[in-house]
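Those protein sequence lines, which keep their order, are chains A and B.
Under our numbering, the first residue of the first sequence is numbered 1, with each subsequent residue one higher.
Under our numbering, the first residue of the second sequence is numbered 197, with each subsequent residue one higher.
Number of protein chains: 2
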Amino acid sequence: MLNSARTGRRPGESGSREAILRTARTLFAGKGYDGTSVRAVAARAGVDPGLVMHFFGSKAELFAHSLELPFDPAELEEVLSGDRSTLGRRIATFYLKRVFHDRAQTVLSLLRSSVTNAEAAAMLRRAVEASAIALLRRHLPGRDAALRGELVASHMMGVFLARHILRIEPLASLDEDRVIELVAPALQHYLTARLR
Amino acid sequence: MLNSARTGRRPGESGSREAILRTARTLFAGKGYDGTSVRAVAARAGVDPGLVMHFFGSKAELFAHSLELPFDPAELEEVLSGDRSTLGRRIATFYLKRVFHDRAQTVLSLLRSSVTNAEAAAMLRRAVEASAIALLRRHLPGRDAALRGELVASHMMGVFLARHILRIEPLASLDEDRVIELVAPALQHYLTARLR
DNA sequence: GTCTATATTCCGATAGAC
DNA sequence: GTCTATCGGAATATAGAC
């Protein structure tokens, strides 16, 4: 749906392209870039491996198209503006609900791929720097804004790792709302405390 | 050195076994379990791939032998006992110096392998639960001790990911001592604050 | 203790027929 | 839009000679 805004030519009628994308999202999220083969995507999507190359050109292109990365700038703006004394809670809520829940497959894909694949790591690094840091810079005073944003992002990535990949209990089984309550004060500290 | 306490038989004189282990540590740390081949280890160690199998039986056994996992219980005890008002700083110091610095290869290996390999994930899960949680249970009052330890461990894994794998700047280039100063208050909060 | 040889399986990508 | 066929390579693991 994200990439269907083609200019003139109408897409093929079979739905194979969408089936490939849907399958790629599942496999990249489950086994990462290196652990997912084009042939496996093709087999599970019920198409020929050559067809995947025909549509996307390369495995790297398929991966890039499989991610649902951009977030609504207006939604981010709403999270970051407003009462600074409750910013930690709003950011925790955004991470837990909008990122880790709604975009779970994209986060899993990026994280599972980034630890062994330099290009995926660059994508995730850019995503963290662009969304969190650049925006925080506009809403937080002082020159430590980037560092504050990175400490928040680091913590949240660790929580995602523990809950969704390592499945460390009891943390992994807590409700999202409970996790938000738990981490909000720590995020609030990073966002507004004087950094020593 | 960790696994050289054999009972009677003296090891072979060539040093091939140690060369294989040293090379395996480097490659597993750099590319994870799935990204490291037995053949690549053998080639870089200057031995035949069959010899690796001869010594370790399988790739999984080689991986397990390549890790330097156990920490000195006395050292852990020293970190955890003592003034509870500075526990956050002592634990931050232990993570940054003793784990992320001294055992960087082991942490890299486990993290790079855990995101795509279920058995490696189980090893890391057990390591977190055993070292951090079980010990914290003995030193922290209340029934939330395990959760407190996991929130601390999650945060620290996220910091390691950001600094050593994603290399997010400026966080990645900070001195260890500066990172300790930055995260100690957050850890202290998780260890001693009333959890909502 | 060290090696050769091999069985078996899988990979990404390309060329081109239909 | 979809497929067959194939190139060129790499993987784990085993069997067994020396």
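Just so it is clear, CB atoms sit at the ideal spot from N, CA and C, and this is done for glycine as well.
Only a predicted model underlies this, so the values are computations on that prediction, with no experimental measurement involved.
Subject >> chain B contact for Leu166/A (CB, 7 Å cutoff) >> reply: yes
Subject >> Complete alpha helix (DSSP H) runs within the region 249-282 of chain B (minimum length 4 residues, chain order) >> reply: 255-262, 269-276
**OP:** Using a Cβ-Cβ cut-off of less than 8 Å, list which residues of the region 276-302 of chain B approach chain A; keep chain order.
**Re:** none
**OP:** May I have the straight-line CA-CA distance separating Thr289/B from Val324/B, to the nearest angstrom?
**Re:** 17 Å
Original post:
Just to confirm, are Tyr386/B and Ser309/B a CB contact at a threshold of 7 Å?
Top reply: no
**OP:** Could you run through the region 127-139 of chain A and flag, in chain order, every residue whose CB is less than 9 Å away from some CB of chain B?
**Re:** Val128, Glu129, Ile133
Subject >> Glu315/B vs Ile168/A beta-carbon contact at 7 Å >> reply: no
Original post:
What residues in its chain sit with their C-beta under 7 Å from that of Arg163/A, if we drop five residues either side in the sequence?
Top reply: Leu171, Ala172
**OP:** Kindly indicate which three-state DSSP category Val41/A falls into: helix, strand or coil?
**Re:** helix
**OP:** Hey, could you find the ends of the alpha helix (DSSP H) Arg103/A is sitting in?
**Re:** Arg103/A -> no alpha helix (DSSP H), and no H or E assigned at all.
Original post:
Can the beta-carbon of Leu258/B be found closer than 7 Å to that of Phe267/B?
Top reply: no
Original post:
In three-state terms, what does DSSP make of Gly158/A?
Top reply: helix
Original post:
For Ala225/B, does the count of other Cβ atoms within 10 angstroms reach 16, so buried, or fall short, so exposed?
Top reply: buried
Original post:
Under a three-way DSSP split, which group does Val379/B fall into?
Top reply: helix
Original post:
Nearest-angstrom Cα distance between Lys59/A and Ser210/B?
Top reply: 43 Å
**OP:** Let me know the secondary structure DSSP gives Tyr33/A once reduced to three states.
**Re:** coil
Original post:
How would you label Leu198/B, buried or exposed, when you count the other beta carbons within 10 angstroms and need 16 or more for buried?
Top reply: Note that Leu198/B scores a pLDDT of 37, beneath 50, so its modelled location is shaky and nothing firm can be said.
**OP:** Could you tell me the boundaries of the alpha helix (DSSP H) in which Ala323/B lies?
**Re:** 314-323
**OP:** State the Cα-Cα distance for the pair Arg240/B and Leu304/B, rounded to the nearest angstrom.
**Re:** 19 Å
Original post:
Under 7 Å Cβ-Cβ, which residues of chain B neighbour Gly31/A?
Top reply: Sequence inspection shows Lys at residue 31/A; the Gly mentioned does not correspond to that position. Ordered by position in chain B, the residues that pass the 7 Å Cβ test against Lys31/A are Thr312.
Original post:
To which residues of the same chain is Pro185/A closer than 8 Å at the C-beta, ignoring the five residues directly before and after it?
Top reply: Gly88
Original post:
Per DSSP, what kind of secondary structure is Ile168/A in: helix, strand or coil?
Top reply: coil
Original post:
Any idea if Ser250/B is buried or exposed, counting beta-carbon neighbours within 10 angstroms, 16 or more meaning buried?
Top reply: The question names Ser, but residue 250/B is His in the sequence shown. His250/B is exposed by the Cβ-count criterion.
Original post:
Nearest to Gly142/A by alpha carbon, out of Leu110/A, Leu195/A, Met157/A?
Top reply: Leu195/A
**OP:** Tell me whether Arg321/B is buried or exposed, calling it buried when 16 or more other Cβ atoms sit within 10 Å of its Cβ.
**Re:** buried
Subject >> Leu347/B (DSSP reduced to helix, strand or coil) >> reply: helix
Subject >> Own chain, CB closer than 6 Å to Ala220/B, minus 5 neighbours either side, in chain order >> reply: Val237, Leu258, Ser262
Subject >> Nearest-angstrom Cα separation, counted from Lys31/A out to Asp83/A >> reply: 40 Å
**OP:** On a CA-only basis, which of Ala389/B, Met352/B, Leu247/B is nearest Asp340/B? Give me that one, please.
**Re:** Ala389/B
**OP:** Examine chain A for any beta-carbon lying closer than 7 Å to the beta-carbon of Arg392/B, and answer yes or no.
**Re:** yes
Original post:
Quick one: is Asn3/A near chain B, going by C-beta distance under 7 Å?
Top reply: With a pLDDT of 39 at Asn3/A, under the threshold of 50, the predicted position of this residue should be treated as unreliable, and no value is reported.
**OP:** Run down chain B in chain order and give the residues with a C-beta less than 8 Å from the C-beta of Gln170/A.
**Re:** Before going further, note that residue 170/A is Pro rather than Gln in the sequence given. The contacting residues are Ala342, Leu343, Glu346.
**OP:** Compute the beta-carbon to beta-carbon distance between Met319/B and Leu306/B, rounded to the nearest angstrom, for a pair I have assumed lies under 8 Å.
**Re:** 6 Å
**OP:** Determine, using beta carbons only, whether Met352/B and Tyr291/B come nearer to each other than 7 Å.
**Re:** yes
Original post:
What is the DSSP secondary structure of Gly284/B, reduced to helix, strand or coil?
Top reply: helix
Original post:
When Cβ atoms are compared, which residues of the region 213-237 of chain B fall closer than 8 Å to chain A?
Top reply: Lys227, Gly228, Asp230, Gly231
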